Structure formats: C-alpha cells, structure tokens
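As you go down the protein sequences, you meet chains A and B in turn.
Our numbering applies: residue 323 is where the first sequence begins, and numbers increase by one.
Our numbering applies: residue 323 is where the second sequence begins, and numbers increase by one.
Ideal placement from N, C-alpha and C gives every residue a C-beta, glycine not left out.
For clarity, every value in this text was computed on a predicted model and none was experimentally measured.
Each remark here refers to the structure printed beneath this line.
There are 2 protein chains.
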Amino acid sequence: MDLTLSRPKLISLAAGFTDNETLPVSEAWELLRELLGRRPTGEPAMQYGSTVGLPALRAQTAARIQAQDAATGEGRLHADLYAPDTTLLTHGSQQLLYMVTEALCDPGDVVIVEDPTYFVFLGILQSHGLECRGVRLESDGLDLARLERVLERLKREGRLPRLKLLYLVTYHQNPTSTTTAFAKKAAALDLLRHYERAAGHPLYLLEDAAYRELRFAGPDTASALAASGGLGRVIYAGTYSKPFATGVRVGFGLLPEPLRTAVTRVKGNHDFGTANLIQHLLSRAIAEGVYDRHVGRLRSRYATKAAGMTAAMRRHFPREVTWEEPRGGMYVWARLPRGVRAGARSELFRQALAAEVLYVPGRLCYADDPTRRAPDSEMRLSFGNATEPDIRTGITRLGKAIHATL
Amino acid sequence: MDLTLSRPKLISLAAGFTDNETLPVSEAWELLRELLGRRPTGEPAMQYGSTVGLPALRAQTAARIQAQDAATGEGRLHADLYAPDTTLLTHGSQQLLYMVTEALCDPGDVVIVEDPTYFVFLGILQSHGLECRGVRLESDGLDLARLERVLERLKREGRLPRLKLLYLVTYHQNPTSTTTAFAKKAAALDLLRHYERAAGHPLYLLEDAAYRELRFAGPDTASALAASGGLGRVIYAGTYSKPFATGVRVGFGLLPEPLRTAVTRVKGNHDFGTANLIQHLLSRAIAEGVYDRHVGRLRSRYATKAAGMTAAMRRHFPREVTWEEPRGGMYVWARLPRGVRAGARSELFRQALAAEVLYVPGRLCYADDPTRRAPDSEMRLSFGNATEPDIRTGITRLGKAIHATL
C-alpha cells in the first residue's frame, strides 16, 4: 500500500481492493435516504446495537446461506445450522477469523491450512504463536491423502491434542482461485471426526467463504454446513464487504455453540458490536434487492476483467507459465517454471518493480511449515481493483520482466 | 441488555447508551447526501481505506486535541504529540483499549487502575490474565500517595518488571464522574518515570478521555500529553461515537512510537482498518461544524438530564446516600451507607429489579485486587439513555427500594 501511494505510476496487481467504478455509490445514497429520512428508522441506525449484530441482518444472513446451499442440491440441510441464533455480525470477515483464533487457540497449538492459503490470516495465526501445517491443493480443493498424512504425523508426534482447526478458503480461493468440491469438504470433516478421539476435543473446520458470491462461471457448491459431519463442527465465515462495498465493512460467521458464545464474548471486548449504521444499510440493501442486483453487475464485470487479464497473460507471458482460468473471486495464480524465483527479494520482483508493476509473491501464501519446502516460483495477480487498460499494461510489463528473467 | 429486552416495563439506569432523541439523524443524512451525491467523494468513502485510518480525519483529530489542550492554558504543548502520524482511528475507543492491551501486555503482567474504574475494560484486562491493582480516587483524581504506595509495594514484591500501564479515565469518569486534575496527571507521570529504572522498560499512562467532550459544567482540563513527563509515555484514547452517534463507531488514539506501529499491526490483523464510510461521514461532520453544533446541543441536554436525576435523588433517596454532582459524562455515582450492600446478589438489587428499575452495582467497577477489600455499597446510575420522565420514575422506584433496605 505504501509503495502504491509513493509511486503513482506503479500498476498494482497486488491489492485485494475491489473495483472503484462499480462501487454502489448512488444505491447506498438512496438506501440511506430511506433509512435516515424518518426518525423511526433513523434513530436505531444511529444508536448502539447489540454485540451479536442487527437481528434482521442476522436472519437475512442465515436465510441467504441456507438458500445458497439448498440451491446446489448437494448435501443435506440442517435448518438449525442456518438460524439467526448461530449468526454473528462482525467488522469484516477478517474480524471473525481473528476472534475465532483468539477464542479457540493458545500459543503452541496447531492449525492445518491449505498450501498455499490466505496470507493475512496466516500472519495472524503465526503471530499468535500457532504452528501451521500445510496441505497441498489440487484443482478441486485439498489433497485428502495429504490431509490424512498430516493428521497421522501429528498423531505420531503426540501433537494431535494441540490441533484446533482446519482452515479452508473454499470458494475461488485467495490466492489460487480454487473452489473446493463439496465431497472433499465432507470427506475432510469425516477425517477430522476420526481423529477427534485422539485429539480429545472437537476439531473444527473453519470455512472461509469470502469469495463465494463473486462467482462468475460454473455452478455454486454447498458449504460444509450441508455435510453430515458438519453438525457442530463447521464455522462458516462470509462477508458483505467485497460483494457490496469494501468501505462498508460487515462480515459474518455462522458458528456452533459453545463457540458462538465464546466468540461473542471476545466481540464484546473488541468493540461491543459492529457499527450499527452500516448494518442497517446492508440489511436494507438485501431486503430491497439492491444487494443482489449489485452482485450481478459485479460478477459480469469481474468476468470481463478476469478474461482480459488471462488473455493478456496468454499473449505476453512465456509459454512455460501456467494458471487456471478463474471462475470467480479476483485472483489469477501464475506458476513459473521450477527454479525461477518470484519472491520479494528475487530478481524478477525487482525487475517487475523497476517496470512499475507489483504482484504478490506466492511464497507469502505458504505457512512456515518445517515439514516441507515452500515453493517460491508463483505469483498472485489480482484483477479486482486495477482498470482494464491498467491490467493489460501491467501484464505486458510483467511479461517482459518474466521473459528477461527466464 | 437481555434483561432490558425481556422486561419492557423495566427502566434501565444501567446502560451507557446515549440519548435517542438527540441522535443527529437528519444531520447525518445531509452529510451523506453531499458525500455520496458525487462519485469523486462517494467512491473513496465506499472503498477500503488504510489501516491507520482516513488521513483527513487523523489530521482533524490531532488538531482538535491540540486545540482543546491549548485552550486550557495548562501544561506545555509539544506539537509532535498532536500529529496525524501519531493518530490511529478505530472501531470505537474500546477497540483501541483492547489493542493496546494486546500489543503491550502478556498474561501475568500488572496494570494499575482507578478504584473504581470502567468495568468493561477491567473485564478485558482480567480476561487477558492481567493482575489489576486499584488506586483510590479522590474528588480530583487518583490519590497520589496511594499510587506511590502501590508502586513501592510492586517494587518490594519484585513485580515492577511486570507493570505495564497505569489506566485512568480522566474526564467525567465512568463510573464516578470524577475529572482528574492536570497537576495529578503530571505528578502520576513523574512517579511512573521514577519507577521506570526498576521496571526496566517504559511505564505508560493510558488516558481514556471518552467523556471529555460531554462536559457541561466547569472548565476543561489539559490532557496528560501536555505534561512534561508525557513525552513518549502517554497513550490518549478518545471517541466520536458518544458525542456524535453511537451507531457510527469511530474512536481514536494518539500513541507514541514504537507503540503506534505495534498497535497498527494488531489493527491490521483485526480488521485492516475502520469502516471507511463512517470515517468519511465524521470527517465531513467535523469540517462543516455539524459535529461541534451537535456536541453543544448534547451538552445542554445532558446537563438538564443530570440535574433532573440528582433533583429526584435529593427528593427520593434517604439522606444517608451521597454523590457528587456530575459536570459531564452520563453517570451519577451514589454511595450508600457502609454496610448496605448493592451488589448483583443483594437484597437491594433484587428489590430494585422487582420494582422494575436497573442500576450497575458499584462492585463491578472494582478490580479483583487481593491487597484490599472492594466496597459493595455503591451504584452507577446513568442519565444517558433514559428519558426524563423515566429518570424521575426510575429514581422514585429506586428510592423506595433503598428506603426499604435501610
């Protein structure tokens, strides 16, 4: 961010910001006019709410996730898991992830993550003194055989009693754009359940669905809540910020008890509850269909930008660079030939910066897991915030830098 | 809160909510209309900001505190301490308090607090495994001789190296309404400095100024930033929520380095930064004078409500009950005769509840300090949220309950 501010010519393909042009400015204005135009609706929006969050928005949230899961036809839905009482509203889904970590984990505990995974949460985990073990990703989610191997190894090492969480970014993953198949979530839950006896406590699956609504190709997939092993073991984290407006930071979690009570207590300590005005704004946006219409527009816009980015990559990147076409989210994960380094101290990163283009080195997305060597020849490219001309220019510059490095 | 929701007849003199009728609903709407009426101002408000917060609002914040301190004529101002670069914006001042605790304290550390103090922060400290030592309050702030005694005792016990913070709610304190004299802040800082050598690290004064702008009688007092011992040792926490609207949760801190950098890192992990829309709203409210006009109205309203509450207390409470007239904030601290218990399990609390009136038992505001016995014959009464008729009815009911208990 600092780099972006101090170098106005720099094209950042690094930031996870959303698209400026699509921000629903006039829509928010209309909704706020209705909300604040009358004191009976205006006063509650300007007053404290409760720590768990606005009841109407909690009900809308639970109902939305249930409807999304039901529409996939996958799994079997337990209505209890999609109730306002399981739902907690937060200042972005980041805050939920943070509070779950605080409520559940002590220094020295173990969390299993995807290899690679969302690097900010990785930073949170590791700064809390937690040990992260990575499980390789396949094109439809984590490699189950490897997950079992990690669990076996933890058992052998006597570390299972310190395992608390399996953290998966299940939809259009940050950074790889991978979506986890429902069958894999169900199988992962079964595996966790199998090792619970040796752990001596529940092993939770923390499902980070931040990018679920930003799908622009292919069918939706049911969440882990719909898996038979999901009862009491799945924490579902989502957000309204990225699909609507990142300046309106409201995220949410669906959590089983006693975890929801514990996390709510942490929330009370953090800030008493999410700023009420923006919760009322979102609740109204959903109730009036403004939110869904906006998400529809955003999807087609991101589809176009993603296609523009990968078209430019096909044209300007060497043949040896590979990637999967994103079906949602805002990232393309580019793999360079083995041996080509892309890290923050690499020749490539330096050359890219000299050419005024910024990417996220893939290495940052790998946990400090001593049991394997982290790859350093990948990069995360975001088509979220940059304009279409900037994406083309940025990819052209980056292509030159890669060519020069190979 | 749960109690209030489930018993509609209950008059709560417990909640620290602000006055519904004075909420600046139409003012907020006007400001949002200007903000969101044009895309050049609307887009930044709807997009992510930076972790430290909106630059304009940081500059306004630092300048306001500097002007407030300058206007008192007390102390000597170091311009460096009132700079945008020392300022961090948060989701309410509560979040700042929480993050300072996280950044600075480890389980087993010691924090010195006022006896009594703000009970929510006390809960945060104690839930982080911190030991709290209480220092008796006088009518102009903490008893300096007792502060020295606590420091001496910590030194004797070899616990000084674990001391991290002195936490003071310096303006119209929650719960007692006491304002700390500037000379006492300066003396407390000098005392802390004196013990730093034995501690082996900086001893910070965390000055919680949440109620500073809600002053309705008497002159303002300079913050600890203006004391000569304040350089590099004062963390100043404030809020825009209570003076403007609690649904617009924006607080702030002025922090010395390296603490500001450390706390900013924690903020990045919590939520990346405060919701941008509400920061833009507040910045505009301040720039256009809407904020100050609103604070003026709020002050005269609270002055009236406070006078109404204490008038009713003089009429309906037994003579043996004593209190100080509040000069700001939203609380009256009532002291019952020694031996009359007011705690959550007391006969008085039970009778008050049966009569449909709720107060905060004073005992909750005392730390679990093993070196002294905590009083249990006080109550915190809030005139913030209840209407004037409800305040009169509530005090009448409470008076009857106290009479019955004596």
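Asked                                                                                                                                                                                                           : Found
Quick one: which residues of the segment 581-604 of chain A get their C-beta closer than 7 Å to a C-beta of chain B? List them in chain order.                                                                  : 591, 592, 593, 594, 597, 598, 599, 600
Can you tell me where the alpha helix (DSSP H) holding residue 701/B begins and where it ends?                                                                                                                  : Run containing residue 701/B: none in the alpha helix (DSSP H); it sits in the beta strand (DSSP E), 700-704.
By DSSP, does residue 504/B sit in helix, in strand, or in coil?                                                                                                                                                : helix
Near residue 396/A, which residues of its chain fall below 8 Å by C-beta distance, leaving aside the five closest residues on each side in sequence?                                                            : 504, 543, 544, 548
Could you tell me which uninterrupted beta strand (DSSP E) segments, each at least 3 residues in length, are contained entirely in the segment 575-660 of chain B, listed from first to last along the chain?   : 653-657
Kindly indicate if chain B contains any beta-carbon less than 8 Å away from that of residue 350/A.                                                                                                              : yes
In angstroms with no decimal places, state the Cα-to-Cα distance between residue 468/B and residue 356/A.                                                                                                       : 55 Å
From the DSSP output, in three-state form, read off residue 573/A for me.                                                                                                                                       : strand
Looking at residue 383/A and residue 363/A, is the spacing between their C-beta atoms short of 8 Å?                                                                                                             : no
Taking the alpha-carbon of residue 647/B as reference, which of 373/B, 629/B, 661/B has the nearest alpha-carbon?                                                                                               : 629/B
Checking the sheet assignment: what are the DSSP bridge partners for residue 719/A?                                                                                                                             : Paired residue(s): none; residue 719/A is not in a bridge.
Could you tell me the alpha carbon to alpha carbon distance between residue 496/B and residue 440/B, rounded to whole angstroms?                                                                                : 5 Å
Using the C-alpha atoms, what's the distance from residue 459/A back to residue 477/A?                                                                                                                          : 22 Å
Under a three-way DSSP split, which group does residue 453/B fall into?                                                                                                                                         : strand
Measure how close the beta-carbons of residue 502/B and residue 490/B come, nearest whole angstrom, since I'm counting them as under 8 Å.                                                                       : 6 Å
Under a three-way DSSP split, which group does residue 409/B fall into?                                                                                                                                         : strand
If you measure beta-carbon to beta-carbon, which residues of the segment 402-421 of chain B are closer than 7 Å to chain A?                                                                                     : 413, 414, 416, 417, 420
Using three-state DSSP, classify residue 559/A as helix, strand or coil.                                                                                                                                        : strand
Residue 365/B CB to nearest chain A CB: under 8 Å?                                                                                                                                                              : yes
Given a cut-off of 8 Å, decide if residue 701/A and residue 682/A are closer than it, judged by their beta-carbon atoms.                                                                                        : yes
Could you check whether the segment 401-420 of chain A touches the segment 574-590 of chain A, counting it as contact only if at least three pairs of C-beta atoms, one from each stretch, sit closer than 8 Å? : yes
Do residue 562/B and residue 529/B have their C-beta atoms within less than 8 Å of each other?                                                                                                                  : no
Around the C-beta of residue 523/B, are 16 or more other C-beta atoms found within 10 angstroms, so that it is buried, or is it exposed?                                                                        : exposed
Looking only at its own chain, which residues have a Cβ that is under 8 Å from the Cβ of residue 551/A, when we skip the five neighbours before and after it?                                                   : 508, 511, 512, 514, 515
Please work out which residues of its chain come closer than 6 Å, Cβ to Cβ, to residue 719/A, disregarding the five sequence neighbours upstream and downstream, and give them in chain order.                  : 677, 679
Can you list, in chain order, the residues of its chain with a C-beta nearer than 6 Å to that of residue 736/B? Leave out the 5 residues immediately preceding and following it.                                : The shown model of chain B, from 323 to 728, leaves out residue 736/B, and the question about it has no answer.
Could you list which residues in chain A have their beta carbon closer than 8 Å to that of residue 358/B, in chain order?                                                                                       : 347, 348, 350, 351, 354
Residue 568/A touches chain B at which residues, Cβ-Cβ below 7 Å?                                                                                                                                               : 369, 370
Can you find a C-beta in chain A that's less than 8 Å from the C-beta of residue 339/B?                                                                                                                         : yes
Judging by CA-CA distance, which residue of 699/B, 641/B, 623/B is the nearest neighbour of residue 708/B?                                                                                                      : 623/B
Let me check understanding here. Comparing Cα to Cα, which of 498/B, 444/B, 379/B lies closest to residue 604/B?                                                                                                : 379/B
Can you give me, in chain order, the residues of the segment 486-504 of chain B that have a beta carbon less than 9 Å from any beta carbon in chain A?                                                          : none
For residue 678/B, does the three-state DSSP call read helix, strand or coil?                                                                                                                                   : coil
Tell me which residues share the same chain as residue 538/B and place their Cβ nearer than 6 Å to its Cβ, disregarding the 5 neighbours each side in the sequence.                                             : 621, 624, 625, 650
According to the Cβ coordinates, are residue 698/B and residue 454/B closer than 8 Å?                                                                                                                           : no
If you reduce the DSSP assignment to three classes, tell me which class residue 493/B lands in.                                                                                                                 : coil
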